[in-house]
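First the structure, in the form of structure tokens, and then the observations on it.
Protein chains in written order, with this note's numbering: chain U, 1 to 176; chain E, 1001 to 1359.
Written out as structure tokens, the structure reads:
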């Protein structure tokens, strides 16, 4: 049903537009003066000023692989993250761990682990699905490059971002 | 000596038009962006040069280096002519504006015409042909609508613009802009009659029609320069970019510069007619007569005063743009034909009656 919008009846001096212009200019000039005098600050000058220390704990930045406290790569190349990744950004080449290796009982590790950061949508499903808690979304957000190749994070780069993560999973810990 | 006049005139043209007005255009684009940013709680361009002042240079280089694309469906000749037709009249009107008293015995006006305001209106209204041609030659619907709107807007506002100046001309009894400024310098500005002959019953009574004509003049000037609240030919939200939708690169930049140049010249005219042109308030440093010798530093102060006033008025234009919403088309027509035309006409009669009664 159509609604009849009731137009306010304007007084004669309101129809002159001039009071409207003045009250409008009070608003705009108020903002102008506040910003110019530096009383109010809204914008941040990005590359010089950053908000990194205020990023929340649950911030979802670039995904990265982590090693555990014994310098073992946590990833066991189960490829769950590769299969769940909605934009198919992750490519894993699994490899068997040779029997003379210290971690032979883990059986599998990634030979290559690539995340295409052009494709990544920072959804965090890889982190959620990982049974070994080997992949985490870090707080890095400024992922840039000058070529497509540069934007593909390989295994070394992912460990460089990820670093060491202590605790949580003790499944393969000898001491346990 | 004819050649001396020619050399003096060319120096004035080069300095006033190319070394002052065009940089002022660039600066007002910068001011527009910074002021609008501050009004909307943003920062605005602040990276190129100190406080972003060289942004206009960067933009100019960008416009020059961009591909100058002419679509296949346009009428090429008119399409190429239109941007120039917007820019040229805007700069041509600057010829009659007195931007200073005199410097080294030379009058600071390019052409000291005895028909100043008439020349300005005659030439400034030519710039609508550029917009209409752009709309027509682009051969597509949004520019066409922009061009048509521009035509009807111009028709409805040109009349009240012209009529709003008539009371002033009646009061000054003069059409030479230099003499009008000198009269205001000696007898109080039109909008500030607080010294000389302005301090009388006549001055105070005539202040009423002058105020009315100032409001009508400024509003018509907004419509004439296609600035918000009357930017219907361009109006991004309805017509993409209006008459310059099909333009790119330097041809687009010419439209852009033309709009700002028209704004500067419009402010210059408003300053000359209503705010005492180059003169300082309360008759300070005012020359005795039009031909009086003025010390060179007085001349420089007068030039500075003129441009300070123009810049203040440009800032007013900018703040108004970011304050008011756009008028609807029928509201604009109504305002032009039903209100301003009648008000301006009534104002002429009122001034005539007041002057007859006071005489």
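The beta-carbon is built from N, C-alpha and C at its ideal position, and this holds for glycine as well. The model shown is predicted, which means the values in this text are computed figures rather than measured ones.
Practice prompt. With a threshold of 16 other CB atoms inside 10 Å of the CB of residue 15 (chain U), please say whether the residue is buried or exposed.
Written response: exposed
Worksheet item: Between residue 1 (chain U) and chain E, is there a C-beta pair that is closer than 7 Å?
Response: no
Fill in: Any non-hydrogen atom of the ligand ATP within 6 Å of residue 6 (chain U) CB
The model depicted lacks the ligand ATP and carries no ligand whatsoever.
Item to complete: Starting from the C-beta of residue 116 (chain U), find all residues in its chain whose C-beta is less than 6 Å away, skip the five residues before and the five after it, and write them out in chain order.
Response: 89 and 152
Fill in: Exposure of residue 959 (chain E), with buried meaning 16 or more beta-carbon neighbours within 10 Å
The shown model of chain E, from 1001 to 1359, leaves out residue 959 (chain E), and the question about it has no answer.
Worksheet item: Taking a cut of 7 Å between CB atoms, which residues from the region 1319 to 1345 of chain E lie near chain U?
Response: Of all residues in the region 1319 to 1345 of chain E, 1319, 1322, 1323 and 1324 have a Cβ within less than 7 Å of some Cβ in chain U.
Discussion item. Quick check: is the beta carbon of residue 1231 (chain E) nearer than 7 Å to any beta carbon in chain U?
Written reply: no
Worksheet item: Taking the runs of the beta strand (DSSP E) that are 3 residues or longer, which of them lie wholly in the region 16 to 87 of chain U?
Response: 63 to 65
Fill in: Limits of the unbroken beta strand (DSSP E) element including residue 1287 (chain E)
It is not in any beta strand (DSSP E) - residue 1287 (chain E) carries neither H nor E in the DSSP assignment.
Discussion item. Within a Cβ cutoff of 7 Å, which residues of the same chain sit near residue 1009 (chain E), ignoring the five residues on either side of it in sequence?
Written reply: 1110
Practice prompt. Measure from the alpha carbon of residue 79 (chain U) to the alpha carbon of each residue in U:33, U:139, U:56 and U:132, then state which is nearest.
Written response: U:132
Item to complete: Report yes or no: is there a C-beta of chain E within less than 7 Å of the C-beta of residue 5 (chain U)?
Response: No, because no Cβ of chain E sits closer than 7 Å to the Cβ of residue 5 (chain U).
Fill in: Minimum Cβ-Cβ distance from residue 24 (chain U) to chain E less than 7 Å
yes
Practice prompt. Measure from the C-beta of residue 1262 (chain E) to each C-beta in chain U and report whether the shortest distance is under 7 Å.
Written response: no
Discussion item. Taking the beta carbon of residue 1330 (chain E) as the centre, do at least 16 other beta carbons fall within 10 Å, making it buried, or is it exposed?
Written reply: Exposed: under 16 other Cβ atoms inside 10 Å.
Practice prompt. Look at the alpha carbon of residue 157 (chain U) and the alpha carbon of residue 141 (chain U), and state the distance between them as a whole number of angstroms.
Written response: 15 Å
Discussion item. Using the Cβ count rule (16 or more neighbours within 10 Å means buried), how would you classify residue 46 (chain U)?
Written reply: exposed
Practice prompt. Could you check if residue 1304 (chain E) is buried or exposed, using at least 16 other CB atoms within 10 Å of its CB as the buried criterion?
Written response: exposed
Worksheet item: How would you label residue 1358 (chain E), buried or exposed, when you count the other beta carbons within 10 angstroms and need 16 or more for buried?
Response: exposed
Worksheet item: So is residue 1178 (chain E) buried or exposed if we call it buried at 16+ other beta carbons inside 10 Å?
Response: buried
Worksheet entry | Host beta strand (DSSP E) of residue 112 (chain U) (start-end) | 108 to 116
Fill in: DSSP beta-bridge partners of residue 96 (chain U)
U:108
Worksheet item: Are residue 1230 (chain E) and residue 1222 (chain E) touching if we call contact CB-CB under 7 Å?
Response: For residue 1230 (chain E) and residue 1222 (chain E), yes; Cβs fall inside 7 Å.
Worksheet item: Does the Cβ of residue 1004 (chain E) have 16 or more other Cβ atoms within 10 Å, making it buried, or fewer, making it exposed?
Response: exposed
Item to complete: Report yes or no: is there a C-beta of chain U within less than 7 Å of the C-beta of residue 1270 (chain E)?
Response: no
Discussion item. Would residue 31 (chain U) pass as an interface residue toward chain E - the criterion being a Cβ-Cβ separation below 7 Å?
Written reply: yes
Worksheet item: Counting only beta-carbon atoms, is residue 1301 (chain E) nearer than 7 Å to chain U?
Response: no
Fill in: CB contact flag (residue 1267 (chain E), residue 1313 (chain E), <7 Å)
One thing to note: residue 1267 (chain E) has its Cβ within 7 Å of the Cβ of residue 1313 (chain E).
Worksheet entry | C-alpha gap between residue 92 (chain U) and residue 65 (chain U), whole angstroms | 12 Å
Discussion item. Tell me the residue span of the alpha helix (DSSP H) that contains residue 1161 (chain E).
Written reply: 1141 to 1172
Item to complete: State buried or exposed for residue 37 (chain U), treating a residue as buried only when at least 16 other CB atoms are found within 10 Å of its CB.
Response: exposed
Discussion item. Spatial neighbours of residue 1299 (chain E) within its chain, please: C-beta separation below 8 Å, excluding the five flanking residues on both sides.
Written reply: 1100, 1101, 1102, 1103, 1104 and 1108
Worksheet entry | Span of the beta strand (DSSP E) around residue 136 (chain U) | 135 to 137
Worksheet entry | Cβ-Cβ distance between residue 137 (chain U) and residue 145 (chain U) below 7 Å | no
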